[in-house]
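Visitor: Top line first, the protein sequences correspond to chains R and Z.
Quick note, the first sequence lines up with residues 27 to 348 if you use the numbering used here.
Quick note, the second sequence lines up with residues 33 to 534 if you use the numbering used here.
Cβ coordinates follow ideal geometry from the N, Cα and C atoms, glycine included.
Please read these numbers as outputs of a predicted model, since none were measured by experiment.
The structure that follows is given in the form of structure tokens.
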Amino acid sequence: MNRRKWIVGIVSLFTLGPLAAQAWGAESFPTKPFELVVPYVAGGSTDVMCRTIVARATPFLNNQPCVVVNKVGGGTVVGSRYVLDGRNDGYTLYSTSTSSMMIAPVVNKTNFTWKDFIGICQTMLGSDALYVRTDAPFKTLGQFVEYAKQNPGKIKYSTSGAGGSPHLSVEGLAAAKGISLKQIPTKGDAEAVTALLGGHVLAASGNPIAYQPHVDAGKLRCLAQFGAERDKAFLPNVATYKEQGVDVVVDLWRWVVVPKGVAPEKIKFLRAAFLKIFQDKETTLALEKIQCPVSYLPGEDYEKIMMKSEAAIMPLIKAAGL
Amino acid sequence: MELLTNLYQGFQICLSPINLLYCFVGVLLGTLIGVLPGIGPGAAIALLLPTTFRVSPVSAIIMLAGIYYGAMYGGSTTSILVNIPGEAASVVTCIDGYQMARQGRAGPALGIAAFGSFIAGTLSVVGLMILAVPLSNIALQFGFPEYFAIMCLGLSIVSYLGRGSIFKSLLMAALGVSLSFVGMDVVVGKPRFDFGLLVLGDGVGLIPLLMGLFGIAEVFSNIEEKTQAREIFQTKIKGLLPTVRDWKDSLGAITRGSLLGFFLGILPGGGAVVSSFVSYAVEKKISKHPEKFGTGVIEGVAGPESANNAATGGAFIPLFVLGIPSNVAMALLLGALMIHGLQPGPLLLQQHPEIFWGTVASMYIGNGMLLVLNLPLIGLWVKLLKVPYKILFPMILLFCLIGAYSENNNASDMVVMLFFGFVGYLLRKYGYDLAPLVLAFVLGRQMEQAFRQSLILSDGSFLVFFTRPISAVAMALATFLLVSALIPAFKKKREKIEVEEI
Numbered sequence: 027m028n029r030r031k032w033i034v035g036i037v038s039l040f041t042l043g044p045l046a047a048q049a050w051g052a053e054s055f056p057t058k059p060f061e062l063v064v065p066y067v068a069g070g071s072t073d074v075m076c077r078t079i080v081a082r083a084t085p086f087l088n089n090q091p092c093v094v095v096n097k098v099g100g101g102t103v104v105g106s107r108y109v110l111d112g113r114n115d116g117y118t119l120y121s122t123s124t125s126s127m128m129i130a131p132v133v134n135k136t137n138f139t140w141k142d143f144i145g146i147c148q149t150m151l152g153s154d155a156l157y158v159r160t161d162a163p164f165k166t167l168g169q170f171v172e173y174a175k176q177n178p179g180k181i182k183y184s185t186s187g188a189g190g191s192p193h194l195s196v197e198g199l200a201a202a203k204g205i206s207l208k209q210i211p212t213k214g215d216a217e218a219v220t221a222l223l224g225g226h227v228l229a230a231s232g233n234p235i236a237y238q239p240h241v242d243a244g245k246l247r248c249l250a251q252f253g254a255e256r257d258k259a260f261l262p263n264v265a266t267y268k269e270q271g272v273d274v275v276v277d278l279w280r281w282v283v284v285p286k287g288v289a290p291e292k293i294k295f296l297r298a299a300f301l302k303i304f305q306d307k308e309t310t311l312a313l314e315k316i317q318c319p320v321s322y323l324p325g326e327d328y329e330k331i332m333m334k335s336e337a338a339i340m341p342l343i344k345a346a347g348l
Numbered sequence: 033m034e035l036l037t038n039l040y041q042g043f044q045i046c047l048s049p050i051n052l053l054y055c056f057v058g059v060l061l062g063t064l065i066g067v068l069p070g071i072g073p074g075a076a077i078a079l080l081l082p083t084t085f086r087v088s089p090v091s092a093i094i095m096l097a098g099i100y101y102g103a104m105y106g107g108s109t110t111s112i113l114v115n116i117p118g119e120a121a122s123v124v125t126c127i128d129g130y131q132m133a134r135q136g137r138a139g140p141a142l143g144i145a146a147f148g149s150f151i152a153g154t155l156s157v158v159g160l161m162i163l164a165v166p167l168s169n170i171a172l173q174f175g176f177p178e179y180f181a182i183m184c185l186g187l188s189i190v191s192y193l194g195r196g197s198i199f200k201s202l203l204m205a206a207l208g209v210s211l212s213f214v215g216m217d218v219v220v221g222k223p224r225f226d227f228g229l230l231v232l233g234d235g236v237g238l239i240p241l242l243m244g245l246f247g248i249a250e251v252f253s254n255i256e257e258k259t260q261a262r263e264i265f266q267t268k269i270k271g272l273l274p275t276v277r278d279w280k281d282s283l284g285a286i287t288r289g290s291l292l293g294f295f296l297g298i299l300p301g302g303g304a305v306v307s308s309f310v311s312y313a314v315e316k317k318i319s320k321h322p323e324k325f326g327t328g329v330i331e332g333v334a335g336p337e338s339a340n341n342a343a344t345g346g347a348f349i350p351l352f353v354l355g356i357p358s359n360v361a362m363a364l365l366l367g368a369l370m371i372h373g374l375q376p377g378p379l380l381l382q383q384h385p386e387i388f389w390g391t392v393a394s395m396y397i398g399n400g401m402l403l404v405l406n407l408p409l410i411g412l413w414v415k416l417l418k419v420p421y422k423i424l425f426p427m428i429l430l431f432c433l434i435g436a437y438s439e440n441n442n443a444s445d446m447v448v449m450l451f452f453g454f455v456g457y458l459l460r461k462y463g464y465d466l467a468p469l470v471l472a473f474v475l476g477r478q479m480e481q482a483f484r485q486s487l488i489l490s491d492g493s494f495l496v497f498f499t500r501p502i503s504a505v506a507m508a509l510a511t512f513l514l515v516s517a518l519i520p521a522f523k524k525k526r527e528k529i530e531v532e533e534i
């Protein structure tokens with residue numbers, strides 16, 4: 027009798043114990059540190075942004091720290107797969123972008139899309155831009171297009187890589203204006219800007235972080251930016267494609283997301299926490315310091331923004347033949 | 033005069049106690065990272081980047097730069113002692129450095145590597161100080177065809193690397209180039225030759241490849257030759273420091289290595305790696321006893337080790353003058369500048385001269401610190417050779433696994449490493465040298481890319497490689513090197529056949 031009681035006791039401890047803990051845990055989420063997955067190497071612009079965000083996030087996450095984890099490879103696909111691999115307890119967050127959610131799934135023919143994630147908040151909204159040398163035979167986008175029409179195939183432009191948003195944005199221009207521009211892809215903005223500075227190509231398309239210093243030094247000129255609205259941090263005085271009559275929009279956004287399957291109350295907690303993080307003056311100041319075009323949007327806007335982005339980019343991917 | 037006042041200001045910044053401390057921490061960490069195989073300066077700088085958020089920008093850059101050139105200092109240690117390069121730039125040091133260690137001359141090898149690094153490091157800081165601005169403009173003259181030609185020149189050096197048959201070296205180079213094709217096709221933007229494996233989507237990683245071919249394969253082949261391996265430990269250790277004779281032999285190599293390293297370091301992508309290989313080839317070419325290379329000659333250690341350290345100085349030029357990073361570690365330093373609200377670019381030097389001059393001054397001091405730090409360590413390292421293999425090998429395996437994993441936090445990279453460990457073991461067993469493979473792997477991808485970029489630029493005309501002066505000269509030189517190395521090999525073979533026929 028005594029022995030049976032023991033067994034019942036032990037069995038119930040093992041079966042009910044975790045259940046009880048789970049029920050209790052649901053009320054007090056979070057109880058352990060978060061990880062924010064970055065699909066790029068440490069030190070890149072996404073990584074630096076994420077590290078800046080988590081640096082002061084702890085007080086807003088019930089005093090649980092959030093750690094940046096770099097899962098690199100397969101052109102961001104390794105990171106996405108890692109997050110989607112059953113990590114839906116709410117403790118794994120993921121920093122996505124136009125290239126990891128819109129372009130990489132198409133190029134790599136993956137079995138996931140942005141629809142497999144739930145938005146927590148938008149963190150950044152920026153734009154790539156088109157650059158030429160100040161001594162080039164064209165000073166405006168109009169003259170650039172005119173030159174390309176008169177000298178078909180002569181304009182070669184460097185980018186940070188084939189299939190990236192700078193490539194798609196320029197191919198969009200070429201398709202809209204019926205001109206032929208030849209891309210010379212390189213391994214990154216650093217190499218692309220070097221080719222333009224050395225006069226080896228007539229134009230280059232890429233992220234303002236790499237190019238703007240040379241504009242300030244009087245060597246380069248920016249002809250257009252590709253986003254729907256002007257990037258206030260970097261290019262307040264440069265007209266967008268749309269403003270110049272080119273119907274192409276490529277927004278560079280970054281979102282913090284969680285995989286599908288995370289409990290609704292945890293999502294509610296995270297969305298509220300990230301709102302507070304972005305209301306924190308010190309964090310936004312630090313983000314401005316690293317030249318990140320901060321742009322908070324609540325998680326509820328996720329689907330709307332993604333559908334808009336998808337509608338704008340998919341035709342460009344097709345036009346570029348990827 | 034302006035130079036001296038600037039330098040004086042630089043030293044004033046750098047000699048403040050706090051900056052001295054950061055400099056010391058940087059070079060100390062760099063040495064440790066260099067010694068640990070697989071953990072490169074890039075990973076270390078990335079990890080430590082957040083710790084510099086709250087210090088002044090000069091201190092941050094001083095420390096992170098210290099990690100970078102400190103790692104180059106430490107990289108030779110494991111090459112010499114256990115035939116495992118700490119990073120890619122030390123691969124070529126294995127060839128003669130390890131042989132020296134087997135003859136009980138690990139001390140002089142480590143010593144000349146430390147002194148050579150010190151001299152080269154200091155010379156390249158002088159170069160950085162005086163030549164930064166004019167040279168950065170020359171670097172811009174290098175377009176896609178010039179890069180292709182330089183890569184061809186680099187690849188033609190394989191004919192000087194092999195210890196055995198030149199055909200085996202060329203075969204290994206072909207294998208290296210083929211491996212470099214795996215992964216993302218830069219021009220098309222799609223993955224290729226990856227067998228649908230995600231881990232190969234970005235190509236075969238350099239760290240897993242190196243750790244596998246050298247580290248794991250070394251362990252495998254030593255387990256097999258257990259009895260022979262024992263003999264190494266019993267060899268008496270002859271002296272800890274280079275002798276006068278050693279100095280005489282290596283002084284020329286150090287000077288040439290420094291110059292080569294500095295100028296190749298300015299060019300983006302693998303400057304340190306390529307310059308170490310080029311330096312080895314140059315020493316072998318001009319040596320009076322080229323046949324002894326590969327058996328433990330000190331020039332074969334002094335030249336490449338000086339070259340890879342001098343390259344670090346050269347690599348700072350495009351970063352500070354143009355804001356263009358020439359390798360991963362420099363890209364991280366650029367990130368560090370931005371975190372501190374400094375805009376890297378052509379205006380940095382005018383707007384924040386204290387960053388440049390403070391760093392330059394700290395590099396003089398850091399190089400001195402490294403020498404003081406490393407010389408006493410030689411005694412300790414040499415004792416490491418007495419650690420029994422049953423303890424040393426599991427440690428090597430462990431560090432290789434950590435190194436392969438930590439680069440991308442990706443467990444599949446360890447599988448890739450083990451695969452290449454097995455490949456490396458077989459290649460060694462059948463007498464194939466691995467150095468040509470590594471050189472070709474490092475150059476292959478950049479070469480292919482530059483080739484295709486050039487052809488887009490020229491609308492498909494191959495003349496572009498021969499009509500531009502820099503690339504024409506480099507192509508001619510490459511052809512000459514390859515032919516001059518091949519002719520004797522052909523002749524020998526023909527003679528042999530003739531003899532057999534008689």
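Compute the distance between the beta-carbons of Tyr120 of chain R and Val272 of chain R, then report whether it is under 8 angstroms.
Guide: Taking the first sequence and counting its residues from 1, the one referred to as residue 120 of chain R is at position 94. Taking the first sequence and counting its residues from 1, the one referred to as residue 272 of chain R is at position 246. Contact flag unset, no.
Visitor: When you compare the CB of Phe295 of chain Z with every CB in chain R, is at least one pair closer than 8 angstroms?
Guide: Your numbering for residue 295 of chain Z matches position 263 in the second sequence. Not an interface residue.
Visitor: Report yes or no: is there a C-beta of chain R within less than 8 angstroms of the C-beta of Asp234 of chain Z?
Guide: Indexing the second sequence from 1 puts residue 234 of chain Z at position 202. Yes, its Cβ sits closer than 8 angstroms to a Cβ of chain R.
Visitor: Could you please give the first and the last residue of the uninterrupted alpha helix (DSSP H) stretch that includes Lys415 of chain Z?
Guide: For the purposes of this step, residue 415 of chain Z is identified with residue 383 of the second sequence, where counting begins at 1. 385-416 is the extent of the alpha helix (DSSP H) around Lys415 of chain Z.
Visitor: Mind listing which residues of the segment 308-340 of chain R have their C-beta closer than 7 angstroms to chain Z's C-betas, in chain order?
Guide: Within the segment 308-340 of chain R, the residues whose Cβ lies closer than 7 angstroms to some Cβ of chain Z are Lys315, Ile316, Gln317, listed in chain order.
Visitor: Going along the chain, which residues of its own chain have a beta-carbon closer than 8 angstroms to the beta-carbon of Thr185 of chain R, five neighbours each way excluded?
Guide: By 1-based counting over the first sequence, the position of residue 185 of chain R is 159. Taken in chain order, the residues that qualify are Pro192, His193, Val196, Gln209, Ile210, Pro211, Thr212, Ala218, Ala230, Ser231, Gly232.
Visitor: Under 8 angstroms, Cβ to Cβ, is there at least one residue of chain R near Lys222 of chain Z?
Guide: Start at 1 with the first residue of the second sequence, and residue 222 of chain Z comes out as number 190. For Lys222 of chain Z, the answer is yes, since a Cβ of chain R falls inside 8 angstroms of its Cβ.
Visitor: In whole angstroms, what is the alpha-carbon distance linking Pro520 of chain Z and Arg107 of chain R?
Guide: To locate residue 520 of chain Z, count along the second sequence from 1; it is residue 488. To locate residue 107 of chain R, count along the first sequence from 1; it is residue 81. Each residue's alpha carbon lies about 54 angstroms from the other.
Visitor: With Ile146 of chain R as the anchor, note down where its beta strand (DSSP E) starts and where it stops.
Guide: On the first sequence, position 120 is the one that residue 146 of chain R refers to. Here the beta strand (DSSP E) through Ile146 of chain R covers 143-152.
Visitor: In terms of residues, what are the limits of the beta strand (DSSP E) holding Tyr157 of chain R?
Guide: If you number the first sequence from 1, residue 157 of chain R lands on position 131. 155-159 is the span of the beta strand (DSSP E), which, as asked, contains Tyr157 of chain R.
Visitor: Mind pulling the alpha helix (DSSP H) runs of 4 or more residues that sit fully within the segment 205-255 of chain Z?
Guide: Within the segment 205-255 of chain Z, the complete alpha helix (DSSP H) runs of at least 4 residues are 238-242.
Visitor: What's the gap between the Cα of Thr511 of chain Z and the Cα of Ala313 of chain Z?
Guide: For this step, residue 511 of chain Z is matched to residue 479 along the second sequence. For this step, residue 313 of chain Z is matched to residue 281 along the second sequence. Those two C-alpha atoms are separated by around 15 angstroms.
Visitor: In whole angstroms, give me the CA-to-CA distance for Val276 of chain R and Gly476 of chain Z.
Guide: Locating residue 276 of chain R in the first sequence gives position 250, where the first residue counts as 1. Locating residue 476 of chain Z in the second sequence gives position 444, where the first residue counts as 1. Distance between the alpha carbons of Val276 of chain R and Gly476 of chain Z is about 34 angstroms.
Visitor: Using a Cβ-Cβ cut-off of 8 angstroms, state whether Val196 of chain R counts as contacting chain Z.
Guide: Locating residue 196 of chain R in the first sequence gives position 170, where the first residue counts as 1. Judged by the 8 angstroms Cβ criterion, Val196 of chain R is not in contact with chain Z.
Visitor: Using a Cβ-Cβ cut-off of less than 7 angstroms, give me the residues of the segment 432-463 of chain Z that come near chain R, in sequence order.
Guide: Against chain R - using a Cβ distance shorter than 7 angstroms - the residues of the segment 432-463 of chain Z are Asn440, Asn441, Asn442.
Visitor: Give a yes or no on whether the minimum CB-CB distance between Gly187 of chain R and chain Z is below 8 angstroms.
Guide: By 1-based counting over the first sequence, the position of residue 187 of chain R is 161. Yes, Gly187 of chain R counts as interfacial toward chain Z.
Visitor: Would you please state the rounded distance, in angstroms, between the beta carbons of Ile99 of chain Z and Gly435 of chain Z? I believe it to be under 8 angstroms.
Guide: Here the question's residue 99 of chain Z lines up with position 67 in the second sequence. Here the question's residue 435 of chain Z lines up with position 403 in the second sequence. Actually they do not touch by this definition, with Cβ atoms about 16 angstroms apart.
Visitor: Restricting to Cα atoms, I'd like to know which of R:Cys248, R:Val98, R:Lys292 is closest to Ser54 of chain R.
Guide: Position 28 of the first sequence holds residue 54 of chain R. Closest option to Ser54 of chain R, Cα to Cα, is R:Lys292.
Visitor: Please list the partners that Lys208 of chain R has in chain Z, where partner means a Cβ-to-Cβ separation under 8 angstroms.
Guide: Position 182 of the first sequence, counted from the start, is the residue given in the question as residue 208 of chain R. By Cβ distance, chain Z contributes Ile488.
Visitor: Verify whether the separation of the beta carbon atoms of Met150 of chain R and Arg280 of chain R is less than 8 angstroms.
Guide: As a first step, residue 150 of chain R is located in the first sequence; it is residue number 124 there, counting from the start. As a first step, residue 280 of chain R is located in the first sequence; it is residue number 254 there, counting from the start. Yes, the Cβ-Cβ distance between Met150 of chain R and Arg280 of chain R is below 8 angstroms.
Visitor: Express the C-alpha separation of Pro324 of chain R and Gln148 of chain R in angstroms, rounding to a whole number.
Guide: Here the question's residue 148 of chain R lines up with position 122 in the first sequence. Here the question's residue 324 of chain R lines up with position 298 in the first sequence. If you take the alpha carbons of Gln148 of chain R and Pro324 of chain R, they lie about 7 angstroms apart.
Visitor: Can you round the beta-carbon distance between Met67 of chain Z and Gly106 of chain Z to whole angstroms, since I take them to be within the 8 angstroms contact cut?
Guide: Position 35 of the second sequence, counting from 1, holds the residue named residue 67 of chain Z. Position 74 of the second sequence, counting from 1, holds the residue named residue 106 of chain Z. Correcting the residue identity first, residue 67 of chain Z is Val in this sequence and not Met. Rounded, the Cβ-Cβ distance is 4 angstroms, consistent with contact.
Visitor: Is it true that the CB of Ser290 of chain Z sits closer than 8 angstroms to the CB of Leu155 of chain Z?
Guide: Counted from its first residue, the second sequence places residue 155 of chain Z at position 123. Counted from its first residue, the second sequence places residue 290 of chain Z at position 258. Yes, the pair counts as a contact, with Cβ atoms nearer than the cut-off.
Visitor: In chain Z, which residues lie with their C-beta within 9 angstroms of the C-beta of Val272 of chain R?
Guide: Position 246 of the first sequence, counted from the start, is the residue given in the question as residue 272 of chain R. Near Val272 of chain R there are no residues of chain Z at all, since even the closest Cβ is about 23 angstroms away, more than 9 angstroms.
Visitor: Suppose you measure from the CA of Gly168 of chain R to the CA of Ala259 of chain R; what does that come to, to the nearest Å?
Guide: Within the first sequence, numbered from 1, the residue matching residue 168 of chain R stands at position 142. Within the first sequence, numbered from 1, the residue matching residue 259 of chain R stands at position 233. The alpha-carbon atoms of Gly168 of chain R and Ala259 of chain R are separated by roughly 25 angstroms.
Visitor: Mind checking if Val496 of chain Z is an interface residue toward chain R, Cβ cutoff 8 angstroms exclusive?
Guide: By one-based count along the second sequence, residue 496 of chain Z stands at place 464. Closer than 8 angstroms: no.
Visitor: To the nearest angstrom, report how far apart Gly345 of chain Z and Leu160 of chain Z are at their CA atoms.
Guide: Against the second sequence, residue 345 of chain Z aligns to sequence position 313. Against the second sequence, residue 160 of chain Z aligns to sequence position 128. So the alpha carbons of these two residues sit roughly 6 angstroms apart.
Visitor: Taking only the alpha-carbon atoms, compute the straight-line gap between Ser394 of chain Z and Ile410 of chain Z and give it to the nearest angstrom.
Guide: Along the second sequence, read from residue 1 onward, the residue named residue 394 of chain Z stands at position 362. Along the second sequence, read from residue 1 onward, the residue named residue 410 of chain Z stands at position 378. Each residue's alpha carbon lies about 24 angstroms from the other.
Visitor: Just to confirm before moving on: does the CB-CB distance between Phe246 of chain Z and Tyr457 of chain Z stay below 8 angstroms?
Guide: Counting from 1 along the second sequence, the entry for residue 246 of chain Z is found at position 214. Counting from 1 along the second sequence, the entry for residue 457 of chain Z is found at position 425. Cβ distance not < 8 angstroms, so Phe246 of chain Z and Tyr457 of chain Z don't count as in contact.
Visitor: Apart from the five residues on each side of it in sequence, which residues of its chain come closer than 7 angstroms, Cβ to Cβ, to Cys318 of chain R?
Guide: To locate residue 318 of chain R, count along the first sequence from 1; it is residue 292. The residues are Met75, Met150.
Visitor: What are the residues of the segment 316-346 of chain Z that lie near chain R, defined by any Cβ-Cβ distance shorter than 8 angstroms?
Guide: Those residues of the segment 316-346 of chain Z that come within reach of chain R (Cβ to Cβ, closer than 8 angstroms) do not exist; the list is empty.
Visitor: Give me the Cα-Cα distance between Arg297 of chain R and Glu250 of chain Z, rounded to the nearest whole angstrom.
Guide: Residue numbering aside, residue 297 of chain R sits at position 271 when the first sequence is read from its first letter. Residue numbering aside, residue 250 of chain Z sits at position 218 when the second sequence is read from its first letter. Their Cα atoms are separated by approximately 52 angstroms.
Visitor: Between the Cα of Ala482 of chain Z and the Cα atoms of Z:Phe180, Z:Arg224, Z:Ala92, which residue gives the shortest distance?
Guide: For this step, residue 482 of chain Z is matched to residue 450 along the second sequence. Among Z:Phe180, Z:Arg224, Z:Ala92, the Cα nearest to that of Ala482 of chain Z belongs to Z:Phe180.
Visitor: Could you check what DSSP says for Gln209 of chain R in three-state terms: helix, strand or coil?
Guide: Within the first sequence, the letter at position 183 stands for residue 209 of chain R. Reduced to three states, the DSSP call for Gln209 of chain R is strand.
Visitor: Just to confirm my understanding: we take Arg224 of chain Z, look at its own chain, exclude 5 residues before and 5 after, and list those with CB closer than 6 angstroms. What are they?
Guide: Working through the second sequence from its first residue, we reach residue 224 of chain Z at position 192. So the qualifying residues of the chain are Asp217.
Visitor: So, for Leu167 of chain Z: in the same chain, excluding its five sequence neighbours on each side, which residues have a beta-carbon less than 7 angstroms away from its beta-carbon?
Guide: The count along the second sequence starts at 1 and reaches residue 167 of chain Z at position 135. Closer than 7 angstroms at Cβ, skipping near neighbours: Ile298, Ile349.
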